[in-house]
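**Student:**
Numbering (the UniProt record's numbering), first residue to last: 1 to 275.
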């Protein structure tokens with residue numbers, strides 16, 4: 001018995017967003033499945049087993065810490081409510097490698113959802129390009145209206161790193177948001193018309209996009225460091241967490257030598273929609 005209803009109520013009272021609450025409940029179910037123990041039976045050795053499970057999946061320090069702290073919070077609740085006799089977290093010290101700079105910039109899936117919840121349409125498109133499509137900052141800056149194909153549901157990077165060309169499939173949600181956004185801007189078929197504009201009506205630069213996202217983070221109460229490249233790191237991490245294989249992620253990000261679109265079709269729209 002995980003006392004799901006009462007814990008949900010506790011989290012909502014504390015001010016957690018509904019999406020965050022649901023994610024924490026999923027984390028609890030995953031914990032029980034991984035440890036294969038009833039809550040009263042969990043020992044410090046089971047916590048080590050839990051951490052080792054994610055380390056073997058090559059998840060980064062930031063992500064593992066997020067999962068661990070989520071479960072630790074839950075057991076603190078059980079202990080406070082006298083629903084367990086002993087809290088195993090009181091007898092276990094988490095030891096993980098120090099997070100790298102890149103890992104410190106990775107947001108959790110909960111934090112990404114919080115950003116999307118508070119974003120206006122233009123901020124949503126920036127998130128879609130940098131996170132949903134995994135674009136580098138300079139690639140986002142260069143995207144034009146012609147690079148958006150709402151019929152095929154793709155975004156094309158004409159010249160990525162080392163002048164590589166790649167086509168990225170997008171989910172139904174991203175595609176619909178792109179359609180809605182294009183309807184709000186005065187776009188034509190002129191060559192190289194940018195999709196993102198600043199208040200002056202010129203191409204939105206990466207540093208302006210970053211300022212917009214930092215303001216969004218404040219509004220969404222996301223305390224993690226926000227960088228455009230950090231969103232790219234985040235989508236890579238989240239795809240791996242959701243079962244996408246490493247070669248596919250490398251291709252999705254433009255790291256592989258392949259320049260055709262074939263490998264991208266292997267990343268199912270279902271997996272992308274889960275993010």
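Glycine included, each C-beta is placed from N, C-alpha and C at the ideal position.
By the DSSP assignment, the beta strand (DSSP E) with residue 168 in it spans what residues?
**Tutor:** Where residue 168 is concerned, the enclosing beta strand (DSSP E) stretches over 166 to 169.
**Student:** Suppose you measure from the CA of residue 16 to the CA of residue 206; what does that come to, to the nearest Å?
**Tutor:** 31 Å
**Student:** Within the same chain, show all residues whose beta-carbon is closer than 6 Å to that of residue 157, passing over the 5 residues directly before and after it, in chain order.
**Tutor:** 139, 166
**Student:** How big is the Cα-Cα spacing for residue 33 and residue 226?
**Tutor:** 33 Å
**Student:** Is the beta carbon of residue 178 sitting closer than 9 Å to the one on residue 209?
**Tutor:** A distance of 9 Å or more separates the beta carbons of residue 178 and residue 209.
**Student:** Can you check the segment 152 to 239 for any alpha helix (DSSP H) of at least 4 residues that lies completely inside it and give the ranges in chain order?
**Tutor:** 172 to 184, 206 to 219
**Student:** Taking 8 Å as the threshold, find out whether the segment 105 to 114 comes into contact with the segment 13 to 30 through three or more Cβ pairs.
**Tutor:** yes
**Student:** Strictly by DSSP, which residues pair up with residue 144?
**Tutor:** 194
**Student:** If you scan the segment 31 to 105 from start to end, which runs of the alpha helix (DSSP H) of 4 or more residues do you find wholly inside it?
**Tutor:** 44 to 56, 61 to 80, 101 to 104
**Student:** Can you give me the C-alpha to C-alpha distance between residue 232 and residue 83, rounded to a whole angstrom?
**Tutor:** Near 41 Å, if we compare the C-alpha coordinates of residue 83 and residue 232.
**Student:** Could you check whether the segment 136 to 152 touches the segment 118 to 125, counting it as contact only if at least three pairs of C-beta atoms, one from each stretch, sit closer than 8 Å?
**Tutor:** no
**Student:** Use the C-beta contact count for residue 5: other C-beta atoms within 10 angstroms, 16 or more gives buried, fewer gives exposed.
**Tutor:** exposed
**Student:** So, at 6 Å on beta carbons, what are the nonlocal neighbours of residue 75 in its own chain, with the 5 sequence-adjacent residues on each side left out?
**Tutor:** 87, 89
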